[in-house]
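**Student:** Before I ask anything, let me first share the structure, which is written out below as structure tokens.
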Amino acid sequence: MNEIPFAVIFDMDGTLFQTETVLVPALHKTFGRLRREGLWQGDTPVEKYLRILGVPIPEVWRQLMPEESEGVRDRAAAWFLDDIIDEIRQGNGRLYPDVHTTLAALADQGIPLFVASNGRQRYLAAIRTAFLLERYFIDFYSLDRFSLTSKSALVKQLLNDYGIEKAVMVGDRRSDIEAAKENGLVAIGCQFGFAAGEELAAADVVIKQFHELAAFDWPALVC
Numbered sequence: 001m002n003e004i005p006f007a008v009i010f011d012m013d014g015t016l017f018q019t020e021t022v023l024v025p026a027l028h029k030t031f032g033r034l035r036r037e038g039l040w041q042g043d044t045p046v047e048k049y050l051r052i053l054g055v056p057i058p059e060v061w062r063q064l065m066p067e068e069s070e071g072v073r074d075r076a077a078a079w080f081l082d083d084i085i086d087e088i089r090q091g092n093g094r095l096y097p098d099v100h101t102t103l104a105a106l107a108d109q110g111i112p113l114f115v116a117s118n119g120r121q122r123y124l125a126a127i128r129t130a131f132l133l134e135r136y137f138i139d140f141y142s143l144d145r146f147s148l149t150s151k152s153a154l155v156k157q158l159l160n161d162y163g164i165e166k167a168v169m170v171g172d173r174r175s176d177i178e179a180a181k182e183n184g185l186v187a188i189g190c191q192f193g194f195a196a197g198e199e200l201a202a203a204d205v206v207i208k209q210f211h212e213l214a215a216f217d218w219p220a221l222v223c
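Heads up: the sequence shown begins at 1 in this note's numbering, then just goes up one per residue.
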């Protein structure tokens, strides 16, 4: 495989995909089933999920259901994955405004594009298929594809696999910024995603709208 001198790596949730458009109805379905099975009492923890979105999946369910067994959390995670993919396949999800046009503009410049996400492979595949994203991206990396436990390790795997010399990481959570910094990359923070407080404080650049990426001088950004 030839080395790639420069690439842009994107997070998925809160960066390309408006996750809440499918997450909220899917979460209600999953917790409704948990209640019917006698495995959960109380309301669906929607706000808590939105606050922690972006952390690895096992940690999500440990935080959502801290008193439950690992087996119950695994069942909930499996049901939720099915429910959220069903929402995507029904056409209920949305990308952020200008994602298609901006990605097309970057691809037209010959910039290699990748996705590195904490989301599961089946979830990423559903989004990729629903929005025809394979036309822009070379590859989609997920933690479960490589049995990794952090975004930083995932980005390192991607860089090594493709021989990428320099890259920019675009994401909306602290884990994206940390993944960039720990791998010597430029970090672009997305203020329109799920970041809260000072999560993007260490980013090199912060954007308020996705289309801002189309106007960047990419060689100057990584020099």
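Beta carbons: idealized from backbone N, C-alpha and C, even for Gly. It should be emphasised that the depicted structure is a prediction, and the values quoted were computed from it without experimental measurement.
1) Could you check what DSSP says for K208 in three-state terms: helix, strand or coil?
2) Taking DSSP as the reference, what is the three-state secondary structure of S150?
3) Under 9 Å, do D172 and D74 count as touching if we go by C-beta distance?
4) Grab me the residues of R144's own chain with a C-beta within less than 7 Å of its C-beta, minus the 5 sequence neighbours each way, in chain order.
5) Kindly indicate if chain C contains any beta-carbon less than 9 Å away from that of R36.
6) May I ask you to report which of helix, strand or coil DSSP gives A26?
7) For L95, which residues of its own chain have a beta-carbon under 8 Å away from its beta-carbon, when the five flanking residues on both sides are left out?
8) So what does DSSP say about I111, is it helix, strand or coil?
9) Taking just the CA atoms, how far does L23 sit from G226?
10) Do the region 77–87 and the region 99–116 make contact, defined as three or more Cβ pairs closer than 8 Å?
11) Can you give me the Cβ contacts of A77 inside the same chain, cut-off strictly under 7 Å, excluding the 5 residues immediately before and after it?
12) When you compare the CB positions of D176 and G189, do they come within less than 9 Å of one another, or not?
13) Select from D82, D43, D83 the residue whose C-alpha is nearest the C-alpha of M65.
14) If distances are taken between C-alpha atoms only, which option among A107, E67, Y162 comes closest to L39?
15) Hey, would you say A180 sits closer than 9 Å to V155, going by beta carbons?
16) Does the Cβ-Cβ distance between N118 and S152 come in under 9 Å?
17) Compare the Cα-Cα distances from E3 to each of I164, G193, E182 and report the closest residue.
18) Could you check which residue in R128, D108, D217 has the C-alpha nearest to that of G93?
19) Tell me the DSSP secondary structure of G171 in three-state form.
20) Measure the C-alpha to C-alpha separation of G32 and E59 and round it to an integer number of angstroms.
21) Just list the residues that DSSP pairs D139 with in beta bridges.
22) Just confirm the distance between the C-beta atoms of A167 and I9, as a whole number of angstroms; I'd bet it's less than 8 Å.
23) If the criterion is Cβ atoms closer than 9 Å, does the pair V222 and V186 meet it?
**Tutor:** Quick look at the numbers:
1) Walking along the sequence shown from the start, residue 208 turns up at place 208. Of the three classes helix, strand and coil, the one that applies to K208 here is coil, per DSSP.
2) Walking along the sequence shown from the start, residue 150 turns up at place 150. Here S150 sits in coil by DSSP.
3) Residue 172 sits at position 172 when you count from the first residue of the sequence shown. Residue 74 sits at position 74 when you count from the first residue of the sequence shown. Against a cut-off of 9 Å, the Cβ pair of D74 and D172 comes out as no contact.
4) In the sequence shown, the residue the question calls residue 144 occupies position 144. It should be noted that the sequence gives Asp, not Arg, for residue 144. Hits under 7 Å: R120, Q121.
5) In the structure shown, chain C cannot be found, because there is only a single protein chain.
6) As a working mapping, residue 26 is identified with position 26 in the sequence shown. Looking at A26 - three-state DSSP - the assignment turns out to be helix.
7) On the sequence shown, residue 95 is found 95 positions in, with the first residue counted as 1. Answer for L95: L16, F17, Q18, F131, listed in chain order.
8) Within the sequence shown, the letter at position 111 stands for residue 111. I111 falls in the coil class under three-state DSSP.
9) This structure does not reach residue 226, given that the chain is present from 1 up to 223, and the question cannot be answered.
10) no
11) For the purposes of this step, residue 77 is taken as the residue at position 77 of the sequence shown. Around A77: I57, W61.
12) Here the question's residue 176 lines up with position 176 in the sequence shown. Here the question's residue 189 lines up with position 189 in the sequence shown. Yes. Within cutoff.
13) One-based indexing of the sequence shown puts residue 65 at position 65. Nearest C-alpha to M65: D43.
14) Along the sequence shown, one-based indexing puts residue 39 at 39. Per the Cα distances, E67.
15) Numbered from its first residue, the sequence shown carries residue 180 at position 180. Numbered from its first residue, the sequence shown carries residue 155 at position 155. Yes, the Cβ-Cβ distance between A180 and V155 is below 9 Å.
16) As a working note, residue 118 is residue 118 in the sequence shown. As a working note, residue 152 is residue 152 in the sequence shown. No; because the gap between Cβ atoms is not below 9 Å, this pair is not in contact.
17) Translated into the one-based positions of the sequence shown, residue 3 becomes position 3. Nearest C-alpha to E3: I164.
18) Position 93 of the sequence shown holds residue 93. That would be R128, whose Cα lies nearest to the Cα of G93.
19) Position 171 of the sequence shown, counted from the first residue, corresponds to residue 171. Strand.
20) The sequence position of residue 32 within the sequence shown is 32, counting from 1. The sequence position of residue 59 within the sequence shown is 59, counting from 1. One C-alpha to the other measures close to 21 Å.
21) Residue 139 sits at position 139 when you count from the first residue of the sequence shown. Beta-bridge pairing links D139 to F114.
22) The residue labelled residue 167 in the question sits at position 167 within the sequence shown. The residue labelled residue 9 in the question sits at position 9 within the sequence shown. With a Cβ gap of about 6 Å, A167 and I9 count as contacting.
23) For this step, residue 222 is matched to residue 222 along the sequence shown. For this step, residue 186 is matched to residue 186 along the sequence shown. Yes, they are a contact pair.
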